[in-house]
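**Q**
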Amino acid sequence: NAGVTQTPKFRVLKTGQSMTLLCAQDMNHEYMYWYRQDPGMGLRLIHYSVGEGTTAKGEVPDGYNVSRLKKQNFLLGLESAAPSQTSVYFCASSYRSRQGLNLEQFFGPGTRLTVL
Amino acid sequence: RKEVEQDPGPFNVPEGATVAFNCTYSNSASQSFFWYRQDCRKEPKLLMSVYSSGNEDGRFTAQLNRASQYISLLIRDSKLSDSATYLCVVNMDTGRRALTFGSGTRLQVQP
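Going down the list, the protein sequences come from chains A and B.
The first sequence begins at 2 in the working numbering and counts up by one.
The second sequence begins at 84 in the working numbering and counts up by one.
Below, the structure is given as structure tokens:
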């Protein structure tokens with residue numbers, strides 16, 4: 002099992018360009034998440050999905066869109082990149098929570114994005 | 084106030100030392116608590132869950148104090164390989180089914 006994979010691993014964009022980050026998991030997890038991590042800020046939730054075809058906003062959703070057309074894939078899109086979106090992006094997945102309790106999240110290796 | 088607060092460190096300790104980290108959280112309705120470990124330029128990985136009664140996994144002991152809203156992690160007999168950033172993670176019970184991460188405490192174990 003590959004676990005959670007992310008592509009690309011690195012990317013440099015110019016302001017205003019668009020791109021899509023791909024996350025794939027082979028663990029049959031229901032839930033998937035996109036986080037960004039900035040120095041001193043910890044991980045912040047951008048968007049998440051509790052199942053195929055459903056998405057929801059997290060803590061910092063502005064400037065990002067997501068889609069979950071297949072259970073195993075979760076895409077993060079930047080329509081018009083800004084320097085403030087320079088960050089490390091992590092995708093994660095987990096099983097469906099029981100009784101509202103969160104289970105372990107498994108993370109991908111991250112995508113390092115620089116916006117000039 | 085941050086929802087999950089940690090001392091960023093770094094904690095510099097010699098091999099074999101015992102070190103403890105604390106973390107405070109703001110939402111008293113929080114239900115699930117975890118410690119994750121993150122190595123430099125790597126993804127976070129679950130170290131251990133934190134249960135109300137406290138739990139131990141080898142050299143690592145986690146405790147939860149709901150009344151004071153803090154979580155602790157104790158590492159005994161520190162190894163060089165323990166050097167990493169330790170993230171305190173809480174399910175804030177907002178219905179988001181997502182976790183809230185602290186910004187992490189960096190540990191450097193020195194020979």
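The C-beta atom is built at its ideal place from N, Cα and C for all residues, glycine as well.
1. Report the option in Gly185/B, Ile158/B, Asp122/B and Glu86/B whose CA atom is closest to the CA atom of Gly141/B.
2. Using the Cα positions of Glu139/B and Thr16/A, report the straight-line distance between them to the nearest angstrom.
3. Exposed or buried, what is Tyr134/B when buried is set at 16 or more other beta-carbons lying within 10 Å of its beta-carbon?
4. Can you pull the chain B residues whose beta carbon is under 8 Å from the beta carbon of Glu80/A, in chain order?
5. CB of Phe94/B to nearest heavy atom of the ligand COA: below 6 Å?
6. Anything in the region 37-54 of chain A with a Cβ closer than 7 Å to a Cβ of chain B? List those residues in chain order, please.
7. Note the first and the last residue of the continuous beta strand (DSSP E) segment covering Leu25/A.
8. Any idea which residues DSSP pairs Glu198/B with across the strands?
9. Quick check on Glu98/B: buried or exposed, where buried means 16 or more other Cβ atoms within 10 Å of its Cβ?
10. With a cut-off of 7 Å, does the C-beta of Phe108/A fall near any C-beta of chain B?
11. What whole-angstrom Cβ distance do Ile154/B and Cys106/B have, given they're in contact under 8 Å?
12. What residues in its chain sit with their C-beta under 6 Å from that of Gly78/A, if we drop five residues either side in the sequence?
13. Exposed or buried, what is Thr101/B when buried is set at 16 or more other beta-carbons lying within 10 Å of its beta-carbon?
14. Sort Gln26/A, Ala82/A, Asp39/A and Asn2/A by Cα distance to Ser186/B and report the nearest one.
15. So if DSSP puts Pro127/B in a beta bridge, which residue, or which two residues, is it bridged to?
16. Whole angstroms are fine: how far does the CA of Gln18/A sit from the CA of Gln121/B?
17. Compare the C-alpha of Leu76/A against each of Gln106/A, Glu105/A and Gln26/A and name the closest.
18. Determine whether the Cβ of Glu31/A lies closer than 7 Å to any Cβ atom of chain B.
19. Along chain B, in chain order, which residues have C-beta atoms closer than 7 Å to that of Phe1/A?
20. Helix, strand or coil, according to DSSP, for Ser113/B in the structure here?
21. How would you list, in chain order, the residues of chain A whose beta-carbon sits under 7 Å from the beta-carbon of Phe184/B?
**A** Per the coordinate set shown:
1. Selected option, being the one with the closest Cα: Ile158/B.
2. Distance between the alpha carbons of Glu139/B and Thr16/A is about 48 Å.
3. Classification of Tyr134/B: exposed, given that the 10 Å Cβ count is below 16.
4. Per Cβ cutoff of 8 Å: no residues; Glu80/A is ~23 Å from chain B at best.
5. This structure lacks the ligand COA, and indeed carries no ligand of any kind.
6. Residues passing the 7 Å Cβ filter: Gly41, Met42, Gly43, Leu44, Leu46, Tyr49 and Val51.
7. In the sequence on display, residue 25/A carries Ala and not Leu. Met20 to Gln26 is the span of the beta strand (DSSP E), which, as asked, contains Ala25/A.
8. In the structure displayed, chain B extends from 84 to 194; residue 198/B sits before or after that span and is not available.
9. Flag for Glu98/B reads exposed.
10. Yes, contact with chain B.
11. Contact between Ile154/B and Cys106/B holds: CB atoms are separated by about 5 Å, below the 8 Å threshold.
12. Here the set comprises Thr21 and Asn66.
13. Flag for Thr101/B reads exposed.
14. Ranked by how close their Cα comes to the Cα of Ser186/B, the residues Gln26/A, Ala82/A, Asp39/A and Asn2/A have Asp39/A in first place.
15. Assignment of beta-bridge partners to Pro127/B by DSSP yields no partner.
16. Gln121/B and Gln18/A: Cα-Cα distance of roughly 31 Å.
17. Between Leu76/A and the set Gln106/A, Glu105/A and Gln26/A, the nearest pair of CA atoms involves Gln26/A.
18. Using a CB distance cut-off of 7 Å, Glu31/A does not count as an interface residue toward chain B.
19. There is no way to answer for residue 1/A, as the model of chain A reaches only from 2 to 117.
20. Note: Ser113/B maps to coil in three-state DSSP.
21. Gly43 and Leu44, listed in chain order.
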